[in-house]
Amino acid sequence: KNFYQKIIVPIDKEAKKRDDNFRNTYNAKINELTKDFSVTYLTKEGYINWEKLIDFVSKKSS
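Start counting at 1 in the sequence shown, then tack on 63, and there's your number in my numbering.
Next comes the structure, spelled out in structure tokens:
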């Protein structure tokens, strides 16, 4: 038990801290990308402007 408390518990705490940091960063990026997509490719009514999206994708692959 002493080994566990000295070694494993601090490692677990550090892993949880890093996981929280990763999740926060990941969620912020997802929110940013969603906002950018919404502003660029959604109509005022909230529908996807497929013509604009397809034009963008077609230009990227050409």
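Just so it is clear, CB atoms sit at the ideal spot from N, CA and C, and this is done for glycine as well.
query, result
"Through-space distance from residue 74 to residue 99, alpha-carbon basis", "37 Å"
"Residues near residue 106 in its chain [Cβ-Cβ closer than 8 Å; skip 5 each side]", "112"
"Rounded straight-line distance, which links the Cα of residue 96 to that of residue 80", "25 Å"
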